[in-house]
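A short worksheet on the structure shown next.
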Amino acid sequence: MVFLLGLAAGVVHTGSNIHRLHVGIGRHHSDAHELHLSLGSSEHQQHRLKGPLQYDDEFVLQVIRSKYLVAPSPSDDPYHLESTQKYEDFLSLVSWVFLSSRIKAVLGPKRGGFFVEAGALDGQFLSNTLPLERELGWTGLLVEANSRSYQELQKRNRKAWLSPACLSPSNYPQELILNQLEMKHTRKEDQYPWIARGSSHLQSTAGHDQDVMLTQYHTTYASVQCFPLASMLLALNTSHVDLLSLDVEGSEPAILRSMPWSQFTVSVLLVEHHGEKHGRDMQFHNFLASQGFMMYDHLTDGEGVSDYVFLSNDYWKVNKEKIEKRAVGLPKMKKEAIASAR
1 MVFLLGLAAG VVHTGSNIHR LHVGIGRHHS DAHELHLSLG SSEHQQHRLK
51 GPLQYDDEFV LQVIRSKYLV APSPSDDPYH LESTQKYEDF LSLVSWVFLS
101 SRIKAVLGPK RGGFFVEAGA LDGQFLSNTL PLERELGWTG LLVEANSRSY
151 QELQKRNRKA WLSPACLSPS NYPQELILNQ LEMKHTRKED QYPWIARGSS
201 HLQSTAGHDQ DVMLTQYHTT YASVQCFPLA SMLLALNTSH VDLLSLDVEG
251 SEPAILRSMP WSQFTVSVLL VEHHGEKHGR DMQFHNFLAS QGFMMYDHLT
301 DGEGVSDYVF LSNDYWKVNK EKIEKRAVGL PKMKKEAIAS AR
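The sequence shown begins at 1 in the UniProt record's numbering and counts up one residue at a time.
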C-alpha cells in the first residue's frame, strides 16, 4: 500500500510490505530520510499513538490496558497516608469545604460507586474521592500525568485503578507537553509543594491563568501520553460514572466536549473552570446543559477560577428530594473566596 499527501514543501508518503512500514519525505529520497518501523514492534505502537486514532480503536484500548493502567491495591492492604499538619490544614481550605460538603449532599450514603478523578495528585491532598473510597467502599480511576505526583500516588494503596497518562483534550490519543510545576527554592516552605504540582497543566490548553503560574513556580517540561476519557472508560469496560472530578488546570472544557455523550452517563460532575473573573462562561454552561446537566452549585474565587457541581437531569429528577433534605444546614460559602484559600 502506498499513498501520497501533497504538501507545499513537498510530498510525504508512506509505504509498507507485510512486515515493514516506512515514512519518507519527498518524491525522490534515500533511506536516510525515511523512518522504518516493524509493524509488530513497540516502536510502531508508539508511532501509532502519535497520530489521530479513534477513541474506541481496539489497539488504543489494548495499549491502555497493558501500559497505562495499574490495578487497585487489595482491599486488605492498609492505606499509606500522610498525617502531617500540612495535610490536616488543607481540610479547612475554602474550596475543599465547599466540594466535600456538596459531595455529601448529592451522593449521600451511596455505597460501591464508581468515580474518575483526573488531577489526582498524590491521591490524598485535596482528593475528592478518597473519603468515598475509605468510608463507602467506592472504587474508580485516578489519573495523574505529573510524574512526581504519580510516584507518590502509587504509595497510597488506593483501592482504585491508577494511570500515569493524561486526559486528551481531543477525541483521539496524542502526545502533548505537560508543564510540570514545582515550588521555587525561594518560596516559603509552608506553601506546600502540592499547591505547585497541582498547577501543572498541558501546554496546548494553557490560558492566562496558567501563564501567570509559570512566573510563580519552577517549571520543567515533559512529553506525556494522553488518551480520551472515553478510551479510558472503554478500557475499563465502564459506561457509567457516578462521580467525575476534573481538575486539570485548563483543559476541562475540551475534555468534556470530546466525550461521545450518547455512549456514557455521569451522575455528578465536579469541574474546575478558569476565566470567569468577569462573569460566567455561558458557552461552557450551555454546552453542559445540552448534554443533559444542570448546575447544582458553584464557588468562584477572586481570580475567576470556579469550582462547579453539575448533576445530570436524570439523577436530579430521581434524587431531588433526598438531596434537598441532605443539603439543609450546608455551610454557606462566600462566592468570592480569596485566591490564597484554594
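Think of the CB as a built atom: it goes at the ideal place given N, C-alpha and C, for glycine as much as any other residue.
Nothing here was measured: the structure is a model prediction, and the numbers come from that model.
- Between H29 and the rest of its own chain, which residues show a CB-CB distance below 6 Å, the 5 nearest in sequence each way excluded? Position 29 of the sequence shown holds residue 29. Its pLDDT being 37, under 50, H29 is placed unreliably by the model, and the measurement read from it follows with that caveat. Taking H29 as the centre and dropping the five residues before and after it, the same chain places no C-beta closer than 6 Å to its C-beta.
- Item | Pick from N313, S231, C166 and V268 that is closest to G250, judged by C-alpha positions | The residue you call residue 250 lines up with position 250 of the sequence shown. Cα-wise, what sits closest to G250 is C166.
- Message: When you compare the CB positions of T238 and F114, do they come within less than 8 Å of one another, or not?
- Response: In the sequence shown, the residue the question calls residue 238 occupies position 238. In the sequence shown, the residue the question calls residue 114 occupies position 114. It is a contact, given that the beta carbons lie within the stated cut-off.
- Item | Buried versus exposed, by CB contacts within 10 Å (16 or more), A71 | Position 71 of the sequence shown, counting from 1, holds the residue named residue 71. Flag for A71 reads exposed.
- Unbroken beta strand (DSSP E) runs of length 3 or more, entirely within the stretch 64 to 107: which are they? DSSP runs (the beta strand (DSSP E)) wholly in the stretch 64 to 107: none.
- Query: To the nearest angstrom, how far is it from the Cα of E324 to the Cα of N179?
  - Reply: For the purposes of this step, residue 324 is taken as residue 324 along the sequence shown, with counting starting at 1. For the purposes of this step, residue 179 is taken as residue 179 along the sequence shown, with counting starting at 1. Using only the alpha carbons, I get a separation of about 41 Å.
- Task: Could you work out which residue in D301, R257 and F59 is closest to L288 when comparing CA atoms only?
- Result: As a first step, residue 288 must be located in the sequence shown, where it is residue number 288. For L288, the nearest C-alpha among the options comes from R257.
- Thinking just about the alpha-carbon of each residue, which of A145, F90 and S95 is nearest to the one in V309? Taking the first residue of the sequence shown as 1, we reach residue 309 at position 309. If we check each option's Cα against that of V309, S95 comes out closest.
- Item | Sub-8 Å separation of K110 and L136 beta-carbons | Reading the sequence shown from its first residue, position 110 is the one you call residue 110. Reading the sequence shown from its first residue, position 136 is the one you call residue 136. Here K110 is near L136, since their CB atoms are less than 8 Å apart.
- Query: Using a Cβ-Cβ cut-off of 6 Å (strictly less than) and excluding sequence neighbours within five positions of V60, which residues of its own chain qualify?
  - Reply: Position 60 of the sequence shown, counted from the start, is the residue given in the question as residue 60. Closer than 6 Å at Cβ, skipping near neighbours: L53, P173 and S231.
- Could you tell me the distance, in whole angstroms, from the CA atom of L69 to the CA atom of G108? Here the question's residue 69 lines up with position 69 in the sequence shown. Here the question's residue 108 lines up with position 108 in the sequence shown. Roughly 29 Å separates the two Cα atoms.
- Taking the alpha carbon of L154 as the point to measure from, which residue in Q124, S83, T129 and V97 has its own alpha carbon closest? For the purposes of this step, residue 154 is identified with residue 154 of the sequence shown, where counting begins at 1. It is Gln, not Leu, that sits at residue 154 in the sequence shown. Out of Q124, S83, T129 and V97, Q124 has the C-alpha closest to the C-alpha of Q154.
- Are the beta-carbon atoms of residue 346 and K104 separated by less than 8 Å? Nothing can be reported for residue 346, as the shown portion of the chain is limited to 1 through 342.
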